[in-house]
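Take 31 as the starting number for the sequence shown in my numbering and just add one per residue.
In what follows, a single structure is set out as C-alpha cells and then discussed.
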Amino acid sequence: MLNADQSIDGYYRRKKGDYLSILGKELTEKLLRTKTVKFYDKGDIISQGDKSANYILVIHSGVVKILTYLMDGREFVVDTPAPGSVFGEIDVLRRTKPSFEAHALTACEIWALDAKILREAIASDPEVSANVLYYVVERIKDLEDRLVCLASVSISSRLANALLRLYSAESQCGRMAATINISQHELASMLPASREKVNRCLREWERSRIVDLSPGAITITNPRALYEYAIC
C-alpha cells in the first residue's frame with residue numbers, strides 16, 4: 031500500500047521496470063499532481079470497455095479484477111492487480127475503446143492520473159515514447175505467457191495460482207493463514223472453469239487441510255502445500 035504523502039516515483043523506483051519507474055521523476059511527479067482519489071466497494075465497476083480511457087489508474091489499496099466476456103457470456107478474469115499496481119496504462123494509448131473492464135474485487139482506493147499528460151510526453155519526448163513501447167511489448171508477452179499457461183495446465187494448478195495471487199495481495203506479514211473474500215463463481219471466472227469443478231477441487235483441498243471454506247470466503251491454511259500445485 032502507498033502512503034498518502036509518499037512519492038509514487040520513489041515507490042516504483044524500487045521495482046525496476048515497473049510502469050511509473052520508466053517514466054522518470056519529472057513526468058511521474060507531473061502525473062501525480064493531477065491525482066484524483068476515488069473509492070469503490072466490492073463489485074463496483076471501475077472502468078468499462080464502452081467508455082474511452084482518459085486516466086492511468088493506480089491501486090492505493092484493495093484488489094482489482096480485469097475482465098472480458100467469453101462468447102457464451104461468461105466472465106473471464108485476465109488479471110488481478112494488487113496494491114501498488116498500475117492498470118489502464120495501455121488503454122489510454124488506444125485509438126479504439128478498451129477491450130477489458132475493471133471491477134473492484136475488494137473495497138478499493140484508486141488514484142486516477144490524467145492520461146493527457148502522458149500522451150503529450152510521448153508525442154514530444156522520444157525517450158519516453160521508446161520506454162513506453164518497450165513496456166507495452168513486455169506486458170503483451172506476459173499476457174501471452176499467462177494465457178498459454180492457462181490453456182495448458184490442470185484446473186488444480188490454475189486454481190492454486192489464482193488463490194496464491196490473491197493470498198499475496200491480501201495476507202499480512204507474519205500471519206499463518208489468509209482469508210480471501212471471494213465466491214467460487216468469481217474464482218471460476220479467473221481460470222476459466224465451471225463452478226462445479228472449482229468446488230470439487232476446493233473440497234478436496236479442504237479435506238487435506240490446505241484450505242478452509244466458508245460462504246463467500248476461502249482461508250488458506252497451508253500455502254506451502256498450495257504452492258506444490260501451482261505452475262505458472
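Just so it is clear, CB atoms sit at the ideal spot from N, CA and C, and this is done for glycine as well.
Treat the numbers as computed from the prediction; the structure is a model and nothing was measured.
Quick check: does the Cβ of F117 come within less than 7 Å of any heavy atom belonging to the ligand NAP?
With respect to the ligand NAP, the structure shown offers nothing to examine, as it has no ligands at all.
Do the stretch 85-96 and the stretch 154-172 meet, that is, are 3 or more Cβ pairs less than 8 Å apart?
no
For P222 and T98, I'd like the C-alpha separation in whole angstroms.
Here residue 222 refers to the residue found at position 192 when the sequence shown is read from its first residue. Here residue 98 refers to the residue found at position 68 when the sequence shown is read from its first residue. Those two C-alpha atoms are separated by around 11 Å.
Of the residues V162, A218, R254 and K227, the one placed nearest V108, counting alpha carbons only:
Position 78 of the sequence shown, counting from 1, holds the residue named residue 108. Checking every option, the nearest Cα to that of V108 belongs to A218.
Helix, strand or coil: which one does DSSP assign to I4?
Residue coverage of the chain in this structure runs from 31 to 262, which leaves residue 4 outside it and unanswerable.
Going by C-alpha to C-alpha distance, which of D102, P113, G118 and G103 sits closest to I96?
The residue you call residue 96 lines up with position 66 of the sequence shown. Per the Cα distances, G118.
Between V228 and L194, is the Cβ-Cβ spacing less than 8 Å?
Here residue 228 refers to the residue found at position 198 when the sequence shown is read from its first residue. Here residue 194 refers to the residue found at position 164 when the sequence shown is read from its first residue. Not closer than 8 Å, so no.
Decide if P128 is buried, meaning its Cβ has at least 16 other Cβ atoms within 10 Å, or exposed.
Residue numbering aside, residue 128 sits at position 98 when the sequence shown is read from its first letter. Buried, because 16 or more other Cβ atoms sit within 10 Å of the Cβ of P128.
Minimum length 4: unbroken alpha helix (DSSP H) runs contained in the stretch 46-72:
49-53 and 55-62
Using 8 Å as the threshold, is the stretch 153-169 in touch with the stretch 59-73, meaning 3 or more CB pairs across them?
no
Which runs of the alpha helix (DSSP H) at least 4 residues long sit entirely within the stretch 152-193? Give them in chain order.
156-182
Continuous alpha helix (DSSP H) stretch holding Y286: start and end:
Summary: the structure shown does not reach residue 286, with the chain confined to residues 31 through 262, and so no result is reported for it.
If you compare alpha carbons, which of S244, F69 and E59 is closest to N211?
Here the question's residue 211 lines up with position 181 in the sequence shown. With distances taken between Cα atoms, N211 lies closest to S244.
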